[in-house]
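In what follows, a single structure is set out as structure tokens and then discussed.
Number of protein chains: 2
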Amino acid sequence: MSTGTSINLKVEKTKNSKLSQIDFNNLPFGQTFSDHMFVCDYKDGKWQTPQIIPYQNISLDPAAKIFHYGQSVFEGMKAYKDDQDQIWLFRPLENQKRINISSERLAMPAFPKNYFMEGLETLLKIDKEWIPQTPGSSLYIRPFIFATGVGFHASPADEYKFIIACAPSGPYFSGNVKVLIEEKYSRSANGGVGFAKAGGNYAGQFYPTELAVKKGYHQVIWTDDNTHEYIEEAGAMNIFVRIGDTLITSPTSDRILDGVTRKSILDIAKDENIPVEVRKFTVTELVEASKNGTLKEMFGAGTAAVVSPISLFGHKGENYELPEIENSYASRFKKRITDIQYNRAEDKFGWRYLVK
Amino acid sequence: MSTGTSINLKVEKTKNSKLSQIDFNNLPFGQTFSDHMFVCDYKDGKWQTPQIIPYQNISLDPAAKIFHYGQSVFEGMKAYKDDQDQIWLFRPLENQKRINISSERLAMPAFPKNYFMEGLETLLKIDKEWIPQTPGSSLYIRPFIFATGVGFHASPADEYKFIIACAPSGPYFSGNVKVLIEEKYSRSANGGVGFAKAGGNYAGQFYPTELAVKKGYHQVIWTDDNTHEYIEEAGAMNIFVRIGDTLITSPTSDRILDGVTRKSILDIAKDENIPVEVRKFTVTELVEASKNGTLKEMFGAGTAAVVSPISLFGHKGENYELPEIENSYASRFKKRITDIQYNRAEDKFGWRYLVK
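These protein sequence lines are chains A and B, in that order.
The first sequence maps to residues 124 to 479 in the working numbering.
The second sequence maps to residues 124 to 479 in the working numbering.
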């Protein structure tokens, strides 16, 4: 079967849907997967015929470079369903562009825009029933590319696989988040791959995060690797703080992901006449603002985390609690973004994308 | 079939050896693989029954965390055959220890020493005919561990696979190496994972290395990410320089791999009464020494690269040639190490390890 789309996408549907096994009222994050996946292989210097096939295992040579040299990048997106059963995406072209920015830094081939978008949209239409309508839930979408080419020589692979898989998911965090501002470990280097959604950026965070979890925190906020003074990001989310009425976030750099939710919040803040400073800021500044009562809010922002309020930060053995405030920036941004995502409000920015 | 070893290793031999297809006089590095592999799975909180099976593809869920979060570490070792057909390893316990140091930093479980050593030795005996005896060749051994556990949550996997695969291999470099001292990109951060043999450390080097290759170099020499002044390592090898008669190499750190060949060279230098300085050194120092004629040698050292002389380094658009000298340190170290490895000379250090 072919859909007859311009990319000659081949579609093979499952004969054994797992849909009836899913409890949509009790969804974990990213642990159950929809019936189909989009797959496209790169070999002989080009992307081959893309396919949608039943979600299934992948067979790889043990010398495939993904196992040895970490050549992989990914994206995180979500599909939302409104009460007219329409499917929506949020700024999908930002993810489409960013996966190619990540790939370039990892010496991997760019994936064509029309393959990405048509593959994604066709997959969502086929797995439409997998998009949750329960509050706070959505279909988490994971486009990813990894090296399948073989060899122990430390050099880029000559073959790759691009996949889009989907997981109906509940919230990434349950409740407020406690964070530890890191003083020893680092996420990324100047001139490194921190700005890319590269697999290896995540594995390096797990051990320091586990140490923080043992101390009672949920996440680490990463600082610059030279002084550990400058606040960077939290690995799964960009970080915003509110001092007085001013919203502050770090500028993106080669160490900080250019988050889609981050830039959407900056646009919303501008629209709501909230004073914004995109500038470097330090732990010392946060501690002082906490002590003198001007630190009103901290929150994380990302596709998986949406807008996640931070209730406490730890630093050098001290904990600093954030106040509970009415009509917080975090709650305002979260409402505006999710109202656009779920087609519950006007979208003056043109961010919503209907899958037809 | 069981070997009856203490680890209850199960062995299934191939019925279709590929040995006759291999041209041992024309071996690339790490591109053809021996008949068998050692495999052990981690699940339910422990390592399961280890097996030696025919070299074959691995089947993985598309949500296996190796594809998304780069949780993988590896080692590089070699097996050598002497003219009595005996199999030798070089300081294998150093690799056994180091893979667990790498795993800890990547939040992965340690692999038991007896599983590692018995699995490796049994595999080498079964694939003995795959160990080349052609000069400069050896059986490259690749132990590696990666995350097979499933999920899109950015957290450590709960299942892993340990594999040892082998590739009869010729030299990693053909001839002298031209290197570019990096001024913009970085390999690792303070407090990062640079000291670990983590997959993600390698993918991040490919793009800057490709840029260097386009300029006519073979490898990048990485510098500190803050000032790009301090010489660190070359990704696939540690770096030594000789200024006057003094051998200089950087101290290991959380950004620099504690290389087995590196530390063997330091011991040999001590044994040969060569003055050694293990200290930080700068590009400026190298350029000055090159200009005033005291820079006699540069070379890389690593299991794959053995001892690889550097003929030229580039920095800020200038190339600095190294002189050709008689009885170089590099040639002396290479001869002493390979004579021990191939059982051609006395081993006063106790580095050689007979596989019985």
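No residue lacks a Cβ here, since even glycine has one placed at the ideal position from N, Cα and C.
Aspartate 158/A has no beta-bridge partner at all, per DSSP. Looking at the DSSP output, threonine 417/A sits in no beta bridge, so it has no partner there.
A check of alpha carbon separations from arginine 221/B across Pro185/B, Val383/B, Gln256/B, Pro374/B identifies Val383/B as the nearest. Out of Thr405/B, Leu477/B, Ile145/B, the CA that lies nearest to the CA of proline 255/B is found in Ile145/B.
Not a single C-beta of chain B is nearer than 9 angstroms to the C-beta of tyrosine 203/A. Chain-ordered, the chain B residues with CB closer than 9 angstroms to the CB of histidine 191/A read Ser195, Phe197, Arg265, Phe267, Phe269, Gly322, Tyr325. Excluding five sequence positions before and after glutamate 444/B, the CB atoms of its chain that fall closer than 6 angstroms to its own CB belong to Leu435, given in chain order.
The bridge partners DSSP lists for lysine 220/A come to none. Across the structure, threonine 369/A and arginine 402/A are spaced so that their CA atoms are roughly 12 angstroms apart. Taking 3 residues as the minimum length, the beta strand (DSSP E) runs contained wholly in the segment 259 to 312 of chain B are 261 to 270, 283 to 292, 300 to 304, in order along the chain.
Checking the DSSP bridge columns, you'll see proline 177/B partnered with His159/B. Under DSSP, the beta-bridge partners assigned to isoleucine 344/B are Ile304/B.
Within the model, the alpha-carbon separation for phenylalanine 147/A versus tyrosine 165/A is close to 35 angstroms. Serine 373/B and lysine 471/B have their C-alpha atoms roughly 26 angstroms apart. The residue from Asn149/A, Phe285/A, Trp170/A with its alpha-carbon nearest to that of isoleucine 181/A is Phe285/A. A direct Cα-to-Cα measurement between asparagine 299/B and asparagine 442/B gives close to 15 angstroms.
Residue pairing from DSSP places lysine 201/B in a beta bridge opposite Tyr263/B. Between arginine 467/B and isoleucine 391/B, the C-beta gap is not smaller than 9 angstroms, which leaves the two residues out of contact. Under the Cβ criterion of 9 angstroms, isoleucine 460/B is not counted among the residues facing chain A.
In terms of CA proximity to glutamine 209/B, Glu252/B leads the group Gln219/B, Phe234/B, Glu252/B, Lys169/B.
Here DSSP, grouped into helix, strand and coil, assigns arginine 365/A to strand. As computed with DSSP, tryptophan 474/A is found in no beta bridge at all. Neighbourhood of valine 302/B in chain A, by CB distance below 9 angstroms: empty, with the nearest CB roughly 15 angstroms away. Per the Cβ contact rule, the segment 174 to 191 of chain A is not in contact with the segment 347 to 362 of chain A (fewer than 3 Cβ pairs under 8 angstroms). For the pair tyrosine 308/B and glycine 327/A, the CB atoms are not nearer than the 9 angstroms cut-off. Chain B places no beta carbon closer than 9 angstroms to that of glutamine 207/A, leaving this residue out of the contacts. Per the coordinates, the alpha-carbon of proline 235/A lies some 12 angstroms from the alpha-carbon of leucine 216/A. Leucine 418/B and threonine 426/B have their C-alpha atoms some 25 angstroms from each other. Residue Cys289/B holds the alpha-carbon nearest to the alpha-carbon of methionine 160/B among Val336/B, Val316/B, Cys289/B, Gly322/B. Within chain A, the residues placing a beta-carbon under 7 angstroms from that of asparagine 349/B are Asn313, Asn349, ordered along the chain.
Per DSSP, histidine 191/A is one residue of the alpha helix (DSSP H) stretching across 188 to 192. Assigned with DSSP and collapsed to three states, phenylalanine 404/A falls in coil, not helix or strand.
The beta carbons of isoleucine 189/A and alanine 277/A sit about 13 angstroms from each other, so the pair does not count as a contact at 8 angstroms. Across the set Val430/A, Phe296/A, Gln194/A, Val406/A, the C-alpha of Gln194/A shows the shortest separation from the C-alpha of valine 316/A. Using beta-carbon distances, histidine 438/B does not count as an interface residue toward chain A, since no partner is under 9 angstroms.
Counted as a single uninterrupted DSSP element, the alpha helix (DSSP H) harbouring proline 331/A occupies residues 322 to 337.
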